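For the sequence shown, full-length UniProt numbering assigns the number 1 to the initial residue and increments by one for each residue that follows. Ideal Cβ placement from N, Cα and C applies to all residues, glycine included. Just so you know, these numbers come straight off a predicted model, no measurement behind them.
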Amino acid sequence: FQTTYLRPIVVYPKVLKGAANFATVQNTSPPLSRTYGNLKDEDRIFTNLYLRHDYRLKGSKQRGDWYKTKEIILKGHEWILKEIKESGLRGRGGAGFPTGLKWSFMNKPPDGRPKYLVVNADEGEPGTCKDREIMRGDPHKLVEGCLVAGRAMNASA
Numbered sequence: 001f002q003t004t005y006l007r008p009i010v011v012y013p014k015v016l017k018g019a020a021n022f023a024t025v026q027n028t029s030p031p032l033s034r035t036y037g038n039l040k041d042e043d044r045i046f047t048n049l050y051l052r053h054d055y056r057l058k059g060s061k062q063r064g065d066w067y068k069t070k071e072i073i074l075k076g077h078e079w080i081l082k083e084i085k086e087s088g089l090r091g092r093g094g095a096g097f098p099t100g101l102k103w104s105f106m107n108k109p110p111d112g113r114p115k116y117l118v119v120n121a122d123e124g125e126p127g128t129c130k131d132r133e134i135m136r137g138d139p140h141k142l143v144e145g146c147l148v149a150g151r152a153m154n155a156s157a
C-alpha cells in the first residue's frame, strides 16, 4: 500500500490576468430575469427559502413583511375577501382551488360556535419539503398570512 500525495497548485496573478483574454463569453450584461408564466423572478413571495437573510422579526421587516398589515386587517373581512377573489390567488395544493372562494365559505353569520383557522403543514407527499422550508426561512409571512386569513374568515380562535 503506497500513499500518493498531491502537490498544491499555485496560480500566480499574472496567469489569471492572461487567462481572462481567452474567455469566449464575457459577462458584461446584467443576469437575465427568469420568468415562470406571468411571474418574474422578482415577484417571488418567499425570499428567504435558502436562509440567506435573517429570519427573525427585524430581518423580515427589512424584506417587506408586516408592511401595512394592520391597515389591511382594519379594512375588514369583506374588503379582504374581495381583494383575494379579484387577485385570482389559488391554493398550493394540487387542485389549485380559488382561495377567496374557500375563505368565503367560512365567513358565515356567527352562530355562537368558535371559528378556527388551522394551518396544516403536513407534507404527506413523498419527498416534499416545501412547507418546512417556508416555515423555517419565512416564518413571519406565515404568521402575517394567518392574521389576514383569520380576519377574512372572522375566525375567533
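DSSP state of Pro114, grouped into three classes? For this step, residue 114 is matched to residue 114 along the sequence shown. The answer is coil: DSSP assigns Pro114 none of H, G, I, E or B.
Quick test of the definition: if touching needs 3 or more C-beta pairs under 8 Å, does the segment 142 to 153 touch the segment 116 to 123? yes
Say whether the segment 79 to 87 touches the segment 126 to 134, bearing in mind that this needs 3 or more beta-carbon pairs closer than 8 Å, one atom from each stretch. no
Relative to the alpha-carbon of Asn107, which residue among Ala95, Gly76, Lys130 has its alpha-carbon at the smallest distance? For the purposes of this step, residue 107 is identified with residue 107 of the sequence shown, where counting begins at 1. The option with the nearest alpha carbon to Asn107 is Gly76.
4-residue-minimum alpha helix (DSSP H) runs that sit fully inside the segment 62 to 103, ordered along the chain: 69 to 74, 77 to 87
Check each candidate in Leu57, Gly88, His53 and name the one with the smallest Cα separation from Asn38. Here residue 38 corresponds to residue number 38 of the sequence shown, with the count starting at 1. Checking every option, the nearest Cα to that of Asn38 belongs to Gly88.
When you compare the CB positions of Asp65 and Lys130, do they come within less than 7 Å of one another, or not? Position 65 of the sequence shown, counting from 1, holds the residue named residue 65. Position 130 of the sequence shown, counting from 1, holds the residue named residue 130. It is not a contact, given that the beta carbons lie outside the stated cut-off.
Report back the beta-carbon spacing between Gly137 and Leu57 to the nearest angstrom; my notes put them in contact at under 8 Å. Numbered from its first residue, the sequence shown carries residue 137 at position 137. Numbered from its first residue, the sequence shown carries residue 57 at position 57. About 14 Å; that fails the 8 Å criterion.
Thr47 and Glu144: beta carbons closer than 7 Å? In the sequence shown, residue 47 corresponds to position 47, counting from 1. In the sequence shown, residue 144 corresponds to position 144, counting from 1. For Thr47 and Glu144, no; Cβs fall outside 7 Å.
With 16 as the cutoff for other CB atoms within 10 Å, does Ser156 come out buried or exposed? Looking up residue 156 in the sequence shown gives position 156. Burial call: exposed.
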